[in-house]
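In full-length UniProt numbering, the protein residues as written are 1 to 372.
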């Protein structure tokens, strides 16, 4: 499960104990920036870790109910290929739209977002990722090749990208520039490009990104691996709406749920393959016996709380503690129904616990079950 994709930087979020099996939560889900935050959600003996699910073995199969757009990548190369496909098909319509060129009426600017987790955020790594994703982007278009403008957040990354593209004999259809140079110099460079890509932008640069995007209207703009996290976006003030106007066409995030005696691997995933952003849902998949199975689908990006509750309930159903509680409850009901004493050991019923031992164990288990 793409175990070589992410670099683990831990960030712990403590959550309150839910009072119902499916409590409502407004806590937003973290997106995956280049430095790849890892969220640990722990409650009692359970926590949800958002990081690459390193499997001891490759999943034997993908559950037959999965559509092609719900199958997460199994390698870094596959993730890049999926992202290229999603971006290409999504850009084809606006780039081939005659109204876009003539500006006959006020159109909504196409704005897209891609999130691919990576191992490290060094200049060499990011520039190589940009080359792998945007070089030979398979966009079907009538007329001249599509020209891409990649805007980097600092000069160091810009220089590394220029060197990487030149060293690997990149086509002349891609130009790498420092984002601040667009506002400080002639904007003719914007006029010559067909698509603008903001790569690894900082939250502090959002105002500049909006200015450049407005100047680039009505042509498409793309945010690629932003360094802020999804939960921060509601705190961006007037720029929150601008950030929210970017439709996610590809996002992949590994996760792991750890219980007292068990753990599960899974993925939060979105992949728009047919170019129709509104038609693709966010999918939560969890590995069961070597198979990735869809646990839940969301129309909008799920919050951390929503993902947490889905996985807690899944773990609770299969938890040894829950099964033990059910076992003890059934035995107590059996004894009460048959008028038997529980003060002594009852080997014929499959257990030998005095009532004073059994009651606290059952009570504690019931609380755990109800809290999920």
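Ideal placement from N, C-alpha and C gives every residue a C-beta, glycine not left out.
Quick one: Cα of residue 86 to Cα of residue 198, how far?
-> 17 Å
Excluding sequence positions up to five away, which residues of its chain have a Cβ less than 6 Å from the Cβ of residue 123?
-> 156, 157, 160
Please state if the CB of residue 129 and the CB of residue 146 are separated by a distance shorter than 8 Å.
-> no
Hey, could you find the ends of the beta strand (DSSP E) residue 84 is sitting in?
-> Not the beta strand (DSSP E): residue 84 falls in the alpha helix (DSSP H), residues 76–95.
Assign residue 160 to one of three DSSP states: helix, strand, or coil.
-> helix
Validate contact between the stretch 244–252 and the stretch 264–271 using beta carbons, cut 8 Å, 3 pairs = yes
With 16 other Cβ atoms within 10 Å as the buried cut-off, status of residue 39 | Residue placement at residue 39 is flagged as unreliable, the pLDDT there being 35, under the threshold of 50; a coordinate-derived value is accordingly withheld.
Classify residue 207 as helix, strand or coil using the three-state DSSP reduction.
-> helix
Distance, Cα to Cα, residue 294 vs residue 277?
-> 20 Å
Assuming residue 148 and residue 195 form a contact by the criterion Cβ under 8 Å, report the distance between their Cβ atoms to the nearest whole angstrom.
-> 5 Å
Which of helix, strand or coil DSSP assigns to residue 48 = Note that residue 48 has pLDDT 41, beneath the 50 cutoff, so the model's placement of it is unreliable and the number below is only indicative. In this structure, residue 48 counts as strand in the three-state DSSP scheme.
Residue range of the alpha helix (DSSP H) that includes residue 239 = 239–244
Does DSSP put residue 116 in a helix, in a strand, or in coil?
-> coil
Just curious, the beta strand (DSSP E) that residue 224 is in, first and last residue?
-> 221–224
Near residue 375, which residues of its chain fall below 7 Å by C-beta distance, leaving aside the five closest residues on each side in sequence?
-> Nothing in the structure corresponds to residue 375, since the chain is present only between 1 and 372.
Hey, residue 284 and residue 305: beta-carbon distance below 8 Å or not?
-> no
Grouping DSSP H, G and I as helix and E and B as strand, with all else coil, what is residue 125?
-> helix
Member of 140, 173, 143 whose CA lies at the smallest distance from the CA of residue 134 = 173
Taking all protein chains shown into account, do 16 or more other C-beta atoms lie within 10 angstroms of the C-beta of residue 362, making it buried, or fewer, making it exposed?
-> Because the pLDDT of residue 362 is 34, which lies under 50, any placement of that residue in the model is unreliable, and the number read from its coordinates should be weighed accordingly. Label assigned to residue 362: buried.
CA-to-CA distance, residue 165 to residue 136, given in whole angstroms | 12 Å
Might you give, ordered along the chain, the residues of its own chain that have their beta carbon closer than 7 Å to the beta carbon of residue 210, omitting 5 neighbours on each side?
-> 239, 242
Sequence-distant residues of the same chain with beta carbon closer than 7 Å to residue 90, five excluded per side | 112, 249, 272, 275, 277
Beta bridge counterpart(s) of residue 175 as assigned by DSSP | 149
For residue 200, which of 235, 236, 116 has the nearest alpha-carbon?
-> 116
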